[in-house]
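Numbering (mature numbering (1 follows the signal peptide of the UniProt record, and there is no 0)), first residue to last: -20 to -1, 1 to 665.
Note that CB positions come from ideal geometry on N, CA and C, so glycine has one too.
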Amino acid sequence: MTFKLICCSVFLLSANVATAADLITLKGRVFTEAHRPIALAQVSVGQQLVQTDNEGRYELKVAAAESYLLKLQAKGHYQGLQTFSHYELGASNNTIGDIQLVAEKAGRTLLTFGGDVMMGRRYAKPRFNNAVIINAESKTEDTRSIVQHVKPYLSLADLASVNLETQIAAHKPAERAPKSVTFYSPPETLAALEWAGIDFVTLGNNHTYDYLDEGLESTLAYLAQSPLAYAGAGKDQADALAAYRTTLNGNPFSFLGYVGWQGNFTPNQTASLKKGGAAFGSEDNIQASVAQEASASRTTVVQYHGGLEYSAEPTMVLEQKLKLAIDSGADLAVGHHPHVTQGFEIYNDKLIAYSMGNFIFDQYFYATPYSFMLNVWMDGDVFHRAEIVPVYLKGYKPTPATGAQRYTVLKRLSTLSKKRGVDIQVSGGHGVITRHSPSRQPGMLTIKPLAKQSVFDLYNSDWSQQLKRVESNKTGIKYRVGKNLVNGSDFESFALFNTAERGWDLDQSPFEITTAEASSGQYALEARLPAKATATIGMTNFRRVYNSSSPMTLALNIKAPQNTKVNLYWQGRKTREKLDTALQQGEKHLISSQLLSGENAQWQNIEAQFNSPRIGYRSIRVLVEFENLSQSSESIYVDDINLIEWQSAFSSQPNFKPMSDDAAAASHIGFDRPLAANEQVTLSF
């Protein structure tokens, strides 16, 4: 293990907080799908509105805010929405990348999809002493608050759909299926989804029969009273396999939903001749039910629930089933269940989305909040275009992903899709998929440190392109790439969208979010420590998805105006250990310890290296302990806490060849030594 203490004075943005009285100018361009400028397009933020010039350019002065929702409208085009944070725009001089609008056309239809949805369990009974989200006395208001930030996007669709992965009941049903995890959500869930713009839910999943017939009957009864349409479950097999049929913009559509397995308990979760449940997605059932709709000249959309949880790649069974659906006549196939996102594929000119990830879900795992909404434009039964709207589940609520969260969502999807021949393009802060991807110009990023650091994030690089080459004006440099395993590392998203970030255990810590000091952006953590007192900040929970026996770096910035001792630890949850036992009693393994002198009251960067455990642990987390060694009470500030899992070994070769998906989707680059003040490193993408 090695430890480095480095003075840090390189800030991505000023730490000055923008006030409502400040005005900023947002700049950008609006184009057609063929990248021709759109003149006289309206671009607005709130009540502020401008029109584009003949080159599609706009400059819009708005009051400074934490985030900005851009609305773009042009005659003969679908409306566009894009959300950006103040922090990320500052890194680009408030310039927004070119945004494309999709042309309206007779018969063209916009479908929007989200991932797994439930509003039970921890929404009403949270873990880790977090605030209650759905209160018994305000369920209508509280459920609507969960979807308020995605409502503008969902409302644009001709039909919007999610996977309703829960039963609906006013009270917990009496009889529970013999399985480890069961869900039920309040009836207000359906009203909130409809209010947000959802039109259709698929019930073809492994939680549709969690409370057996009572729960299923309750769910179907509440859906019958709701405007929401559904498919994928029923009171018997014929009912469950029946498609939802509708007409959109003059085109006949059919929507089908399936679960990929029957369940190893009795009675199982799928419908049969005399029993209710989810539609079983066997090969025979998929072929027969899809062919029935396709043969009637109906645009057929399949949603399938299967695969392995938390996996980056679809299982071969999942891939085979979705391609079978296409071969049987489906025009679009969408997957759910892994709780994390997977890539896209264009198969026989049809779009497959292998996993949508979570959309409204109460999982506190660090890998599961990164998600997306998928806009798909269909010309009858012909796939025209898709747009990926990145989403981050902040405090279990879906919000538009910005900054590092946007990069994380789109970088993963870009990397996984590229393997399947899909090159995701860029439109503002969204990703775009077409049947034939145009070529694009290579990108570059230059690192010019003013202070000695060895680890740098790549969040300001182009997520759509992979790192190809690393060059330095100094000789003998080695580098490696890695990914950050904790959420909300820069603390810039904590104030966004009026919902709590749950990645850091602030509820159990004296640290609070502050704007008094920051090493980057506007926000950091502050704790005022009495003389000889200690304070600890740590990850709320253990990171479940990580690689054993990997080199790791815990990097953070600290400003301590008094003599302070800093101890850095990793803590693990053993293979068969209970979560609460591990959190409260699990051994803290010291990574390193360092004394900070009060004589250096500037921001200081700490980097501590260790190896993740090889065997015996199912998950890990990190904690940082501060001890005030002085005789006075002073404030300690902490910012930019990153836990980086390295995905490649150090290399001196300029040309970078990723050996894994995680390496290709890296969020950080590290060097074998701190960079000198006059050293310049150029990254080519």
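| Query | Result |
| --- | --- |
| Alpha-carbon to alpha-carbon, Pro634 and Phe651 | 13 Å |
| Straight-line Cα distance separating Gly60 from Ile148 | 33 Å |
| Chain-order list of residues whose beta-carbon lies under 7 Å from that of Asn453 (same chain, five-residue window excluded) | Glu659, Gln660 |
| Enclosing alpha helix (DSSP H) for Arg124 [first to last residue] | 119 to 127 |
| Selection from Gln128, Tyr344, His317 that minimises the alpha carbon distance to Thr146 | His317 |
| Burial state of Ser198, where buried means 16 or more other Cβ atoms lie within 10 Å | buried |
| Alpha-carbon spacing of Leu396 relative to Asp620, whole angstroms | 27 Å |
| DSSP-derived helix/strand/coil call for Pro510 | coil |
| Given Gly195 as reference, the closest of Asp179, Ala209, Ala213, Ser206 once Cα atoms are compared | Ala213 |
| DSSP bridge partner residues for Glu451 (one or two, in chain order) | Thr662 |
| Neighbourhood of Gly237 by C-beta, 7 Å cutoff - its chain only, sequence neighbours within 5 removed | Thr182, Leu183, Gly184, Ala211, Gly212, Ala259, Gln283 |
| Those residues which DSSP pairs with residue 674 across a bridge | Absent from the structure is residue 674, since the part of the chain shown begins at -20 and ends at 665. |
| Through-space distance from Asp487 to Asn109, alpha-carbon basis | 7 Å |
| Outcome for Gln589 when other beta-carbon atoms lying within 10 angstroms are tallied against a minimum of 16 | buried |
| Through-space distance from Tyr48 to Phe64, alpha-carbon basis | 5 Å |
| C-alpha distance - Asn608 paired with Tyr503, whole-angstrom precision | 22 Å |
| C-alpha distance - Ala(-6) paired with Glu497, whole-angstrom precision | Caution is warranted here: a pLDDT of 35 is assigned to Ala(-6), below 50, making its placement in the model unreliable, and no coordinate value can be reported. |
| Burial state of His151 (16 or more Cβ within 10 Å) | exposed |
| Own chain residues within Cβ distance below 7 Å of Val112, not counting five before or after | Ala104, Pro106 |
| Ser469 versus Phe245: straight-line alpha-carbon distance, rounded | 42 Å |
| Pairwise C-alpha distance: Met424 and Met98 | 42 Å |
| Assumed close pair Asn537, Gln584 - CB separation to whole angstroms, cut-off 8 Å | 7 Å |
| C-beta atoms of Trp484 and Thr520 nearer than 8 Å | yes |
| Opening and closing residue of the beta strand (DSSP E) in which His66 lies | Note, His66: premise wrong, no beta strand (DSSP E); alpha helix (DSSP H) at 66 to 70. |
| Beta-carbon proximity check, Ser592 vs Ser528, cutoff 8 Å | yes |
| Segment contact, 8 Å Cβ cut-off, at least three pairs: the stretch 275 to 292 with the stretch 314 to 332 | yes |
| Backbone secondary structure at Phe471 - three-state DSSP | coil |
| Alpha carbon of Phe665 to alpha carbon of Ser444, nearest angstrom | 9 Å |
| Short Cβ contact (8 Å threshold) for Leu91 with Leu139 | yes |
| Buried or exposed (CB count within 10 angstroms, at least 16 for buried), Glu625 | buried |
| Straight-line gap, Leu170 to Pro349 (C-alpha atoms, nearest Å) | 22 Å |
| Anticipated Cβ contact below 8 Å, Gly360 with Ala333, distance rounded | Between Ala333 and Gly360 the Cβ distance is about 20 Å, and since that is not below 8 Å, they are no contact. |
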